[in-house]
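Engineer:
Chains as they are written, first to last, in our numbering: chain A, 94 to 237; chain B, 5 to 407.
(1) Where does residue 267 of chain B land, buried or exposed, given buried means 16+ other C-beta within 10 angstroms?
(2) Near residue 127 of chain B, what residues of its chain come up, given a Cβ to Cβ distance below 6 Å and the 5 sequence neighbours on each side ignored?
(3) Please classify residue 126 of chain B: does DSSP put it in a helix, a strand, or coil?
(4) So the alpha helix (DSSP H) residue 116 of chain A belongs to, where does it begin and stop?
(5) Using CA coordinates, which residue listed in B:76, B:207, B:91, B:201 is at the minimum distance from residue 172 of chain B?
(6) Contact between the stretch 153-170 of chain A and the stretch 154-166 of chain B: three or more CB pairs below 8 Å?
(7) Taking buried to mean at least 16 other C-beta atoms within 10 Å of its own C-beta, is residue 102 of chain B buried or exposed?
(8) On the criterion of 16 or more Cβ atoms from any shown chain inside 10 Å, does residue 263 of chain B qualify as buried, or is it exposed?
(9) Could you check if residue 194 of chain A is buried or exposed, using at least 16 other CB atoms within 10 Å of its CB as the buried criterion?
(10) Does residue 169 of chain A have its Cβ less than 8 Å from a Cβ in chain B?
(11) Kindly list, in the order they appear in chain A, the residues whose Cβ is closer than 9 Å to that of residue 51 of chain B.
(12) What are the complete alpha helix (DSSP H) segments, minimum 4 residues, inside the stretch 172-256 of chain B?
(13) Residues bridged to residue 57 of chain B by DSSP?
(14) What is the rounded straight-line gap between the Cα of residue 401 of chain B and the Cα of residue 310 of chain B?
(15) Just to confirm, does residue 187 of chain B get its C-beta within under 7 Å of one of the non-hydrogen atoms of the ligand ADP?
(16) Could you please tell me which residues of the stretch 100-134 of chain A, in chain order, have their CB closer than 9 Å to any CB of chain B?
(17) Since I believe residue 163 of chain A is in contact with residue 214 of chain A (beta carbons under 8 Å), could you give me their beta-carbon distance rounded to a whole number of angstroms?
(18) In or out: residue 376 of chain B buried (at least 16 other Cβ within 10 Å) or exposed?
(19) Alpha carbon to alpha carbon, how far is residue 50 of chain B from residue 106 of chain B?
(20) Considering only C-alpha positions, which residue in the set B:119, B:215, B:281, B:347 is nearest to residue 229 of chain B?
(21) Given a cut-off of 8 Å on the beta-carbon distance, is the pair residue 99 of chain B and residue 152 of chain B in contact?
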């Protein structure tokens, strides 16, 4: 998993790809960088080598708002590796304000009361430092 | 005299990735694929969106997802370096039969770069594994593990959209177990066969161990050992068999995504399209079907699929079970072997669907070995649907009994 002994982060840390570097660089500064097609102007997620909407390779990175809403969620009672120590925890797919969707572990919710979590609830991104190069985005439900 | 497939298809164009050789800057296999695909489509003027069939050595799902296309013919034959010649052969047959007009055969392999960065395909989880597929890179941090942890998200979205409850789906587990109790070969046939075997109740399903809310363990299929095989033959061969043949009236396949991250509508699968193709080929529709064999990796899987196959209106898939129609003695039997939920599920459950559909339509389901009394139905038609991945890929068949 790799990890800075100074940091307590013990979850799996993704290896960064060449074409995703701008995302991880932005994350270090608390920015949610998103890939957008210059030709059709649509944001997509996850980052592609080619626009999945119009098949242009003319892609750019923009800074996203970091705002979104819950598309759907589930509560994990069985997990593996370091996540096994965290059960139950809530995973969710987040509809980004800019379009398309991200996976996350949801924060600011009670995993023992799944019925209280609302599809459509507003969420905001935050980043947690995992190692020197990696800040991992997590989404938190916005207090009403 | 040339054969029937003589000049039945042509190679329209051929191209390579932008840079090949001993590349200084490492590339992933996926990048090589995508560059070559872009280049061949630019060369021929055939837009990527027009690709109808995708042939590769195991990469087809990932390529389609990355390109955002939904083909109706998917081949991943991987038998070594000659695979690509075989892909051409398979594409020739698919084009000749009228299923597709445009086939993509794609290769990307970073034999040099992978010494530095790994393969760059799907599934390379964990530290030191090198480059990940971008979908894995953006998903692996979040603690999902195994199919239940994903499929539960689809159930929650279905509940939100249609007002269904997890108890609605629990009826599926209960009724499917009822079928298993008629099948001595089912893993959950009886308490004697397995401590957790024998009849179950809806309440029992709901109160079983929580795996990924709202999925309890009895909403999930088992993981067992299973082997099966079928032979598909020409009508000429079928005419000389010792046993009754079952006829393939229609077939279709499709996909919507590979990773659940890319599932546009969590309450729908590509079975809507694969079933439409199969029904059209058969000249029949859902109302002509007399039973169904539907992949039930989870209760939610089979409920959504019933909707996609047109067996119920959207949002009402579970009613087939809740109202008793799918049960033993019901008017529309489903998963008469006991399903992946209670018969057997080894990881890929598509083969048991075929075996049971054959047994039902050839009237051999209640032969004293494979089924107790009440297992044999009188169905003459059966829609069979397999679902793969994370509600990702679907194959649909319409099967008919012999006259």
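Backbone N, C-alpha and C fix where the C-beta goes; we use that ideal spot for every residue, glycine too.
Structural biologist: Reading it off the structure:
(1) buried
(2) Note that residue 127 of chain B scores 38 on pLDDT, short of 50, meaning its location in the model is unreliable; the coordinates nonetheless yield the value given after this. If we look at residue 127 of chain B and ignore the five residues flanking it on each side, it has no Cβ neighbours.
(3) Its pLDDT being 45, under 50, residue 126 of chain B is placed unreliably by the model, and the measurement read from it follows with that caveat. Of the three classes helix, strand and coil, the one that applies to residue 126 of chain B here is coil, per DSSP.
(4) Element bounds for residue 116 of chain A: 114-121.
(5) B:207
(6) yes
(7) exposed
(8) Using a 10 angstroms sphere on the CB of residue 263 of chain B, the tally of other CB atoms reaches 16 or more, which defines it as buried.
(9) buried
(10) yes
(11) 148
(12) 206-211, 239-242
(13) B:77, B:107
(14) Answer to the nearest angstrom: the Cα atoms are 14 Å apart.
(15) Judged by which ligands are present, the structure shown has none, so any question about the ligand ADP falls away.
(16) 104, 105, 106, 107, 108, 109, 110, 111, 112, 113, 116
(17) Residue 214 of chain A to residue 163 of chain A, Cβ: 5 Å. Contact.
(18) Exposed, since its Cβ has fewer than 16 Cβ neighbours within 10 Å.
(19) 9 Å
(20) Taking only the C-alpha atoms, the option nearest residue 229 of chain B is B:347.
(21) no
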